[in-house]
Amino acid sequence: MPFPYYRRLSRRGKEIYRRSDAITEVMLGPPDDLRIRASSLERALVAGDRIAVELACQALAAGLCAALRVGPVSIRVEAKRPRSHRGELHGLYVREERKRPVISVWMRTAAHRQVVAFRTFLRTLLHEVCHHLDYELLRLPDSLHTEGFFRRESSIMRQLVPAVAEEKDRAGREGNHEDASGPPEPAPTRDEAAPVPAAQPAAPEPRRRRPTRPRQLDLPWK
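Numbering follows the numbering used here, with no gaps: position 124 of the sequence shown is 781.
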């Protein structure tokens, strides 16, 4: 079932939505090197070193782009999250013509300036990377929040953090059909992508449902 804002999209927007929603996995291939990079990011976060976190994020994003053979993206890590009447901003993806796309993520909460937990921070980074992949890998004209989008985000998260995949397997064995890694509901972080279609509001809360067999992204070089 599409998210409620689907009804307000144009015909072209609905077509883009359906294309995005139909693809639910992105397979990275052997993940060992990427897992090492994710572990380096965790250590940098624990140390609270912004520059080290930025370097680790850039290394992980570069590894993901290389694994998927897409164009690069620059990463900026800022300290305290900006706040507005809408809440705290966690991540931002900016794409401009003839410029390298830029992802900005914030590593400390606005209220208490605490370093964000590793999984929350990593999911925010992957969320913004998925916006990048929508354009560079899937060749979508716009990047929309769909259930397929959030499932793609979760599929990358499980490949990078083995504990997440193990939790999902354990939940399945115990009869819990929901994805232990979080989505398909929108992640609890707020992000923005620029430029954004005017008809795209903040992602709504979808109804949980039993997962169908996912459609795996068929990469041409495999």
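Ideal Cβ placement from N, Cα and C applies to all residues, glycine included. Remember, it's a predicted structure, so these values are computed and weren't measured experimentally.
Asked                                                                                                                           : Found
Whole-number beta carbon distance between A724 and L698, since they are thought to touch under 8 Å                              : Between A724 and L698 the Cβ distance is about 16 Å, and since that is not below 8 Å, they are no contact.
Boundaries of the alpha helix (DSSP H) in which V786 is found, first to last residue                                            : 775-793
M658 (DSSP reduced to helix, strand or coil)                                                                                    : coil
Reduced DSSP category for G744 - H, G, I as helix; E, B as strand; rest coil                                                    : strand
Delimiting residues of the beta strand (DSSP E) encompassing R733                                                               : 731-737
Contacts around V727, its chain only, beta-carbon distance under 7 Å, and the 5 residues preceding and following it disregarded : L790, E793, L794
Paired residues, beta bridge with R765 - DSSP                                                                                   : K737, V772
Spatial neighbours of E711 in its chain, beta-carbon cut-off 6 Å, leaving aside the 5 residues before and after                 : V734
Three-state class that DSSP yields for V853 in the structure shown                                                              : Residue placement at V853 is poorly supported in this model, since its pLDDT is 40, which falls under 50; the coordinates still yield a value, given next. Coil.
Beta-carbon gap between V786 and L746 smaller than 8 Å                                                                          : no
Helix, strand or coil at L817 [DSSP, three-state]                                                                               : helix
Per-residue DSSP class, three states only, for V703                                                                             : helix
Classification of H769 by the beta-carbon crowding that lies within 10 angstroms, buried from 16 upward                         : exposed
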